[in-house]
Each structure stands twice: as C-alpha cells, then as structure tokens.
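Colleague: Can you read through this structure? Questions will come right after.
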Amino acid sequence: TSPLIVNFFLVPYLTSLGRKYRVSLVVNTAEETVLAEGHGAEVIALPIRRKISPWNDLRTLAFLVRLFRERRFDAVHSFSPKAGLLATMAGRVAGVPVRIHTYTGQVWTTRSGIMRSLLVAADRAIARFATHLLADSPSQLRVLLELGIVRSVEKCRVLGSGSVSGVDPARFRPDGSARAAVRRELRIAPDATVLLFLGRLTRDKGVFDLAQAFSSLAATNPAAVLLLVGPDEEQMRQAIESICRAHIGQLRFAGYTRNPERYIAAADVLCLPSYREGFGTAIIEAAAAGVPAIGSRIYGIVDAIVEGETGLLHTPADTSDLAGKMDMLLKDPALRERLGARARQRAVNEFNQQRLTHALLDYYRSALGE
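Counting from 5, one number per residue, gives the positions in the sequence shown under the working numbering.
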C-alpha cells in the first residue's frame, strides 16, 4: 500500500494485528518517511510509482514475487488499485495461500475511453488473482457486482456498516479548546460559520465545484469561511483563489495534516462534493465530532450520510444544488445542531474503530482457517 493509506487508515489495525501476527508493511517509503513504526510492523521499502510505468511496474512485480517467496507470508492484504494488482498477481505466482484486497473506490469512475477500459480490466484482474475481497461500503459492493468486476457475493464482503477502519470517538469528538485554537491560528472569527473540505485537493474530489458554489453564496453569507485542509496534489489552490477572488478573505488553506481532528473541531459543516468515493471516511470522522456533512449523491457517500438525518446530499457536479445545501446549513444553526447530534450518535454506534478492528481480526482468522 502507500504511506498515506497507512497513516490515515491502517495504524489502528497494525496495533491489534501485531499482538497476534508478525506484520510487515510493504510501502513506497520515498513518498513519506514517517510511517507506523512502533505499531508492531516491520517496514519494507517498495520500489513503486503511482502512475502507470510498464518497465517500473514489471520491476515492482518481480520484486514482490521474490519477496513473497523469500518470506513465505501466510497472507497478503493490499490497498489501492495499482498495489492491489501487483500484490495479488505476485502473491498468486509466489504461492501465497491467502490474497486479500480491499476496494476503496474506483479510479475509472471519472475516466473515459481506453484508460477507463484498462482500469476496469485491472480491477477485474485483482478480483481474479485475489482469494478474498473487501469493499469499504455496501453501495460500492453493489456496483462491483452489477458491473461484473466481482462475480460472487461470497468472495467479497463489507466489514460492519462500511469504511476502511472506522473512527476513533476518543480522537474525533467535540473539542472546544481545539476549536478556539485553530480559529486563532487561521484568523477565523469565533462567530464565523466554517465550511470544511478535508482531503486531497483534486478534481475528482470536486474542489472546483465547491469553490464555485462557495463563490456564489459568499456575498450573502459574509460570516462564512471555506477552510480547505489536505495536500494540493494538482496545484488547485491558485485556481480556487481565482474562482473566489471576490471573496478571497473568506478562504483558508491549511495543507496536509496528520491531525485532521483539530480542523474538524473548528468546523461547522463538512463538504465533500466528490465524483468518486469508496466510502468517505472524512464524513464519519466529522460526524463523530458532531459536525454534519454535505456530500454528493454517489455510491460510497450514500452509506456515510443518512440524508436529512446526519447530513445532506446534493446532485453530483450540480454547483447550484450544492450551493443551495450549503446555504441551507449556513443559515440554520438549529438544523446543523440536530444533524450533528444524530451524526455523532450514528458514528459512535455503527463505525466505532474497535468494532471494525474486531471485525477485521475475525475476517483474518476465518481466511487463515484458524
């Protein structure tokens, strides 16, 4: 997998797995040097590039085959499409008996033509080479089955109610001191209403739509602030500032963070207008802190938000609908409070990290025949 996935999703699993199994993390350490050391996992550097690179990908495949044969792992579990294809293929060649892959969303959803066909074929190949499959949301599993990417519901399942690793309610919770501190750091007024985007700043995450929607309502909501937190992987900041140039004083950028809970505590509404999501973990993290969400009505997100109960859904790519939902919550603090309270209750009850960790451990035991 990648260091980003490890740091955001896998640390709680590593701690529990390390008590029973010998765990190795095979990751591209060149991407980020701070990994889950001290959580019971050995780190093995993987020579892999994110983009398609036939020569490098063949080298990575050969590396994995050698590694798997030398180490004789009982199971290999992969996350992310490219790592999944290479790991399940290498595992099959090397004779690893249990090969698990977790689908966390489909890159091909927003692609077309030959590239879409290649990416769909890669997901189908993963399903063939793997012995066990997981999807991180019920609606994603339905899509995988409908498109014939996964051919058997017995082979692919969802842990609990969905998500990769759930949410830690002790970490993500209402926090008045963090709220005040972050607002001071970012020069946000105590009485401002903060709309938060948390994630990679990319086109697929809908950040252009979010900027356009915010620009259309900023003038009539002068106390509103749009806070964007996450790595700017596609140099989006300049474009966002250009779209919102008349209201640039109402924008804040915080960059990549290892502590998303601080920014969630400072927010009033989370906005995730994505074009593709496997689940939408940021939504349940915000929910655990009592922050309601607005998300696009796509598979994955429809499992993270109960419309009208824990948040609101908008039509994908419809900036007018998105702006309307944002304006509704900006102007109705009582509605925000009601949605946030129910969102926290659902996050704690259905997506508690301990519940997901126990479910994964049980899944491993079953897969390994223990």
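Note that the Cβ used here is the ideal one computed from N, Cα and C, for glycine as well.
None of these values were measured; they are calculated from a predicted model.
1) Quick check: the Cα distance between Asp172 and Ala286, rounded to an integer number of angstroms?
2) According to DSSP, which residues form a beta bridge with Tyr260?
3) Is it true that the CB of Val27 sits closer than 7 Å to the CB of Thr5?
4) Got a sec, what are the start and stop residues for the beta strand (DSSP E) Gly315 sits in?
5) Tell me the DSSP bridge mates of Ala297?
6) Do the CB positions of Arg429 and Gly109 come within less than 7 Å of each other?
7) By Cβ distance, which residues of its chain are closer than 7 Å to Thr114, with the 5 residues on each side in sequence left out?
8) If contacts are defined as beta-carbon pairs under 8 Å, then Ala45 and Leu372 qualify, I think. What distance do you get, rounded to the angstrom?
9) Go through its chain and collect everything with a Cβ distance to Thr224's Cβ below 6 Å, but skip five positions before and after it.
10) With DSSP run on the structure shown, which of helix, strand or coil describes Ser156?
11) Could you tell me which of Thr361, Val198 and Glu238 sits nearest to Pro296, measuring between CA atoms?
12) Please report the straight-line C-alpha distance between His362 and Lys329, rounded to a whole angstrom.
13) Go ahead and label Ser156 buried or exposed: buried means 16 or more other beta carbons lie within 10 angstroms of its beta carbon, across all protein chains shown.
14) What does the alpha-carbon distance come out to for the pair Pro337 and Glu245?
15) Count Cβ pairs between the region 342-358 and the region 305-317 that sit closer than 8 Å; are there 3 or more?
16) Could you check where the beta strand (DSSP E) with Arg103 kicks off and where it finishes?
17) So, is Gln358 buried or exposed, given that buried needs 16 or more other C-beta atoms within 10 angstroms?
18) Could you give the distance in angstroms between the alpha-carbon of Gly282 and the alpha-carbon of Ile192?
19) Along the beta strand (DSSP E) that carries Ile288, what are the first and last residues, could you check?
20) Looking at the structure shown, is Lys24 part of a helix, part of a strand, or coil, going by DSSP?
21) Do Val233 and Leu274 have their CB atoms nearer than 7 Å?
22) To the nearest angstrom, how far is it from the Cα of Thr19 to the Cα of Ser324?
23) Go ahead and pull the three-state DSSP assignment for Asn11.
24) Can you confirm whether Leu326, when its beta carbon is compared against all beta carbons of chain D, has any partner nearer than 7 Å?
25) Since Phe355 and Ser167 should fall inside the 8 Å C-beta cutoff, what is the C-beta to C-beta distance between them, to a whole number of angstroms?
26) Looking only at DSSP bridge pairs, what is Leu181 linked to?
27) Leaving aside the five residues before and after Pro51 along the sequence, list all residues of the same chain whose C-beta is less than 8 Å from its C-beta, in chain order.
Modeller: From the atom records:
1) 12 Å
2) Paired residues: none, contrary to the question.
3) no
4) Gly315 to His318
5) Leu274 and Gly315
6) In the structure as shown, the chain starts at 5 and stops at 374, and residue 429 therefore has no counterpart that could be examined.
7) Asp208, Tyr279 and Arg280
8) Rounded, the Cβ-Cβ distance is 18 Å, inconsistent with contact.
9) none
10) coil
11) Val198
12) 37 Å
13) exposed
14) 27 Å
15) yes
16) Val102 to Tyr107
17) exposed
18) 32 Å
19) Where Ile288 is concerned, there is no enclosing beta strand (DSSP E), although the alpha helix (DSSP H) it sits in stretches over Thr285 to Ala292.
20) coil
21) no
22) 44 Å
23) helix
24) No chain D is present in this structure, which holds just one protein chain.
25) 6 Å
26) The residue you asked about is not Leu; residue 181 is Ser in the sequence shown. None, per the DSSP bridge assignment.
27) Asn32, Asn60, Arg63, Thr64 and Phe67
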